[in-house]
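The opening position of the sequence shown corresponds to residue 1457 in this note's numbering, with each subsequent residue numbered one higher. Just so you know, even glycine gets a beta-carbon here, dropped at the ideal spot from N, CA and C. As the structure is a prediction and not an experimental result, all values here were calculated from the model. All remarks here apply to the structure that follows.
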Amino acid sequence: MRRLLSGTGLVLVALAATLLALLFPLWSYADRSGTPLADLDAATVPTRWGPLSAADRDFVVRVRLAGLWEGPAGQQAIERGPSAAIEAAGRHLVDGHAFLDARVREVAARLGMELPDQPNDQQRGWLSQLTADTGTAYERDFANLLRAAHGKVFSLVAQVRATTRNSLVRELADDANTTVLDHMRMLEATGLVDFDALARDGASAATASPTGPPPPTPGATLASPAPLAPEASDSAEPSFSLPPAASRPKDEASSTPDTHTP
């Protein structure tokens, strides 16, 4: 009888061990290093407006970078004025990015994030290309370079707006959505956009998870990036109505960084 009970006990222990071995991977999978959820949590910092992820930070920086080259490209189009449609698109770019830049600087200051003050190498290359262009080559490159860039930002806006847990980033995405969509429509209205090329580029583009800039340093004092602004004119108001925004930019005097530590 003792041998029978001992044998039964060993069988039960073996079954229990097998069950635990099967269940442990499922129970621990979400917490494993290298999984998407673990990567998200590792790169996320808490703020008073909700968790701030690497993708959120990447988006904020990209909004600033977009304005750093698209605003000057728009100003160049206004000055050259090869056609009414190109000039109109340029004015929308200048005014829209001046508005959006005020918003992104406000958001970055509150979140304790640093922002770039210069376009990246690729964007500088695009500006150089437009500067060197003349005639119809300039018009074609202006419409297509900027439409392609706006399309990539537009898809990023949608992804961040759908997934962010940070209310400031969500409001910035709303503003970026309306502004970028307006610019896309104006560029398409030139009649020069190559939609076949856009489709081919979209089909071949590789996707990668953004690493984003590093999390904000608690207590760090950040230098305020210089704002983008249209060239001086007789009126400080835009030459057209900007798209409705989730929140309007505050005055410079009230856009100082929060003393709150993220």
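The three-state reading of DSSP puts L1571 in coil, since its state is none of H, G, I, E or B. Every alpha helix (DSSP H) of 4 residues or more that sits fully in the stretch 1560–1636 is shown, in chain order, as 1577–1588 and 1591–1619. Put simply, the backbone Cα of A1588 is about 36 Å away from that of A1565.
In the three-state scheme derived from DSSP, where H, G and I count as helix and E and B as strand, V1550 is classed as helix.
For F1598, the closest of L1612, E1543, P1507 and L1637 by C-alpha to C-alpha distance is E1543.
In this structure, G1523 places its C-beta atom within 8 Å of the C-beta atom of D1557. Excluding residues up to 5 positions away in sequence, A1522 and V1636 lie with their Cβ nearer than 6 Å to the Cβ of V1609 in the same chain. The alpha-carbon of G1647 is positioned some 34 Å away from that of T1619. Taking the Cα positions, R1536 is about 40 Å away from P1670.
Within the same chain, N1600 come within 6 Å of D1650 by CB-CB distance, once the 5 residues on both sides are set aside.
In the DSSP assignment, the residues bridged to L1508 are V1501. The C-beta separation of R1513 from D1631 comes to about 17 Å, leaving the pair out of contact by the 8 Å criterion.
Pairing H1553 with L1684 gives a Cβ-Cβ distance under 8 Å.
The beta-carbon distance between Y1594 and L1583, rounded to whole angstroms, is 12 Å. This is too long to meet the 8 Å contact definition. The three-state secondary structure of S1660, taken from DSSP, is helix. Selection F1555, G1591, A1533 and P1538 evaluated against G1546 yields A1533 as nearest (Cα-Cα).
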